[in-house]
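Structure below.
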């Protein structure tokens, strides 16, 4: 997959370097693919992803005005996606890789239908995300810790299914009770300053182990120029996803919950953290100190509380 990414990048560079651009379908992505997929340029010189197939029965998707457009050319049996703003060039490359990996082995009609469906999913990711409200430093630390945890699990993945399952398991951006929801266990990730000896629990549901165990993950961190920034860890995760043919669109959707995309991630470049220590706690143990719906007095809810790490050192475990 990394070879395809390089191939696409090299194509844009070599064909956009001169004063005059050649338009149309210029380069087939693979001679081995069943689907007839090309990259090239529109009549006005915009980057495009083309699919040559029978489009006679295709109904156009709702084409909300964003930074990409879907065009169905029935005369030339083409459907293609045009990039309208080069600012999103990097994300457009991800779109190309993702769509190609989905449709490369499909028959003509099936590939067209999937092409349109995938355009609709990606369209949301090409909206300009310029937000005046930035993440607070505490929120950023929390996100960095979750991405650090996500990367650890992605590094153990061997194929696209494992990658996509792990990306879908990251539930923190979706507002779920826990930051990671796996089949057999949930993980609650807390990223704190290295000098602190406590974690804050935001509700009685965070460590609720009724349906399955909850692992409390604590990352102690410090500001450091030797650490990683938001953009660095996002790029590292993208490389892992691409290497295993995973769906980078899933990562983008999660990041969009924080008003972050692959371009504006550099806004937080001045903050780098280093994870100095990692602790994992088995909260399913009957003696683990926690507040859950099951041990609350009736009439009390929306509970927030603090756990001293020194009091739970006997509940450490490994993952």
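Residue numbers (the numbering used here): 4 to 322.
Cβ atoms here follow ideal geometry from the backbone N, Cα and C, with glycine treated the same way.
Item to complete: Mind reading off the beta-carbon distance from residue 138 to residue 146? Whole number of angstroms is fine, and I expect it under 8 Å.
Response: Counting from 1 along the chain shown, the entry for residue 138 is found at position 135. Counting from 1 along the chain shown, the entry for residue 146 is found at position 143. That belief holds up - the Cβ atoms of residue 138 and residue 146 are roughly 7 Å apart, short of 8 Å.
Worksheet item: For residue 305, does the three-state DSSP call read helix, strand or coil?
Response: Numbered from its first residue, the chain shown carries residue 305 at position 302. Here residue 305 sits in coil by DSSP.
Worksheet item: In angstroms, rounded to a whole number, what distance separates the CA positions of residue 255 and residue 190?
Response: For the purposes of this step, residue 255 is taken as residue 252 along the chain shown, with counting starting at 1. For the purposes of this step, residue 190 is taken as residue 187 along the chain shown, with counting starting at 1. Between residue 255 and residue 190, the C-alpha separation is close to 21 Å.
Worksheet item: Helix, strand or coil: how does DSSP classify residue 178 here?
Response: Translated into the one-based positions of the chain shown, residue 178 becomes position 175. Residue 178 falls in the coil class under three-state DSSP.
Worksheet item: Around the C-beta of residue 62, are 16 or more other C-beta atoms found within 10 angstroms, so that it is buried, or is it exposed?
Response: Within the chain shown, the letter at position 59 stands for residue 62. Exposed, since its Cβ has fewer than 16 Cβ neighbours within 10 Å.
Practice prompt. Verify whether the separation of the beta carbon atoms of residue 307 and residue 206 is less than 8 Å.
Written response: In the chain shown, counting from the first residue as 1, residue 307 sits at position 304. In the chain shown, counting from the first residue as 1, residue 206 sits at position 203. In contact: residue 307 and residue 206 (Cβ atoms closer than 8 Å).
Practice prompt. Can you tell me which of the three DSSP states residue 206 falls into?
Written response: Counting from 1 along the chain shown, the entry for residue 206 is found at position 203. The answer is coil: DSSP assigns residue 206 none of H, G, I, E or B.
Practice prompt. State yes or no: is the C-beta of residue 262 within less than 8 Å of the C-beta of residue 234?
Written response: Taking the first residue of the chain shown as position 1, residue 262 is located at position 259. Taking the first residue of the chain shown as position 1, residue 234 is located at position 231. Cβ distance not < 8 Å, so residue 262 and residue 234 don't count as in contact.
Worksheet item: Ends of the beta strand (DSSP E) at residue 226?
Response: Position 223 of the chain shown, counting from 1, holds the residue named residue 226. Residue 226 -> beta strand (DSSP E) spans 217-231.
Practice prompt. Can you tell me which of 154, 79, 315, 273 puts its alpha carbon nearest to the alpha carbon of residue 59?
Written response: The residue labelled residue 59 in the question sits at position 56 within the chain shown. When each option's Cα is compared against that of residue 59, the closest is 79.
Fill in: Simplified DSSP state of residue 120, which is helix, strand or coil
Indexing the chain shown from 1 puts residue 120 at position 117. Of the three classes helix, strand and coil, the one that applies to residue 120 here is helix, per DSSP.
Worksheet item: Which first and last residues belong to the alpha helix (DSSP H) in which residue 141 is found?
Response: In the chain shown, counting from the first residue as 1, residue 141 sits at position 138. 140-157 is the span of the alpha helix (DSSP H), which, as asked, contains residue 141.
Item to complete: Could you pull the start and end residues of the alpha helix (DSSP H) that residue 172 belongs to?
Response: Here residue 172 refers to the residue found at position 169 when the chain shown is read from its first residue. Its alpha helix (DSSP H) spans residues 163-172.
Worksheet entry | Where the alpha helix (DSSP H) through residue 196 begins and ends | The count along the chain shown starts at 1 and reaches residue 196 at position 193. Segment 189-196 is the beta strand (DSSP E) holding residue 196; no alpha helix (DSSP H) there.
Discussion item. Pop quiz: residue 27 and residue 14 are said to be a contact at Cβ under 8 Å. What is the actual Cβ separation, rounded to whole angstroms?
Written reply: One-based indexing of the chain shown puts residue 27 at position 24. One-based indexing of the chain shown puts residue 14 at position 11. In fact, because the Cβ distance is near 13 Å, the residues do not count as touching under 8 Å.
Item to complete: Using only alpha-carbon positions, find the residue among 299, 281, 160 that is nearest to residue 148.
Response: For this step, residue 148 is matched to residue 145 along the chain shown. If we check each option's Cα against that of residue 148, 281 comes out closest.
Practice prompt. Give the secondary structure of residue 271 by DSSP, where H, G and I count as helix, E and B as strand, and everything else as coil.
Written response: Walking along the chain shown from the start, residue 271 turns up at place 268. Helix at residue 271.
Worksheet entry | Runs of beta strand (DSSP E) wholly within the stretch 237-296 (minimum 3 residues, chain order) | 276-285
Discussion item. Using a Cβ-Cβ cutoff of less than 6 Å, which residues in the same chain neighbour residue 102 once the five nearest sequence positions on both sides are dropped?
Written reply: In the chain shown, residue 102 corresponds to position 99, counting from 1. Result list for residue 102: 121, in chain order.
Worksheet item: Excluding sequence positions up to five away, which residues of its chain have a Cβ less than 6 Å from the Cβ of residue 37?
Response: Position 34 of the chain shown, counted from the start, is the residue given in the question as residue 37. Answer for residue 37: 108, listed in chain order.
Worksheet item: Do you know how far the Cα of residue 81 is from the Cα of residue 40?
Response: Locating residue 40 in the chain shown gives position 37, counting from the first residue. Locating residue 81 in the chain shown gives position 78, counting from the first residue. Computed Cα separation, rounded: 10 Å.
Worksheet item: Is DSSP giving residue 214 helix, strand or coil here?
Response: Locating residue 214 in the chain shown gives position 211, counting from the first residue. Coil.
Worksheet item: Along the chain, where does the alpha helix (DSSP H) that runs through residue 40 open and close?
Response: Taking the chain shown and counting its residues from 1, the one referred to as residue 40 is at position 37. Careful: residue 40 lies outside any alpha helix (DSSP H), inside the beta strand (DSSP E) at 39-44.
Worksheet item: With distances taken from CA atoms, which of 116, 314, 291, 226 is nearest residue 274?
Response: For the purposes of this step, residue 274 is taken as the residue at position 271 of the chain shown. It is 226 whose Cα lies nearest to the Cα of residue 274.
Fill in: Beta bridge counterpart(s) of residue 60 as assigned by DSSP
As a position in the chain shown, residue 60 is number 57, starting the count at 1. Looking at the DSSP assignment, residue 60 forms no beta bridge with any residue, so it has no partner.
Discussion item. For residue 92, report the span of its beta strand (DSSP E) as first-last.
Written reply: Translated into the one-based positions of the chain shown, residue 92 becomes position 89. Unbroken run through residue 92 is the alpha helix (DSSP H), 92-106; no beta strand (DSSP E).
Worksheet item: Which one of 188, 144, 194 has the shortest CA to CA distance from residue 287?
Response: Position 284 of the chain shown, counted from the first residue, corresponds to residue 287. Measuring from the Cα of residue 287, the nearest candidate turns out to be 188.
Item to complete: Using only alpha-carbon positions, find the residue among 174, 32, 265, 125 that is nearest to residue 72.
Response: Here residue 72 corresponds to residue number 69 of the chain shown, with the count starting at 1. Comparing Cα positions, the closest option is 125.
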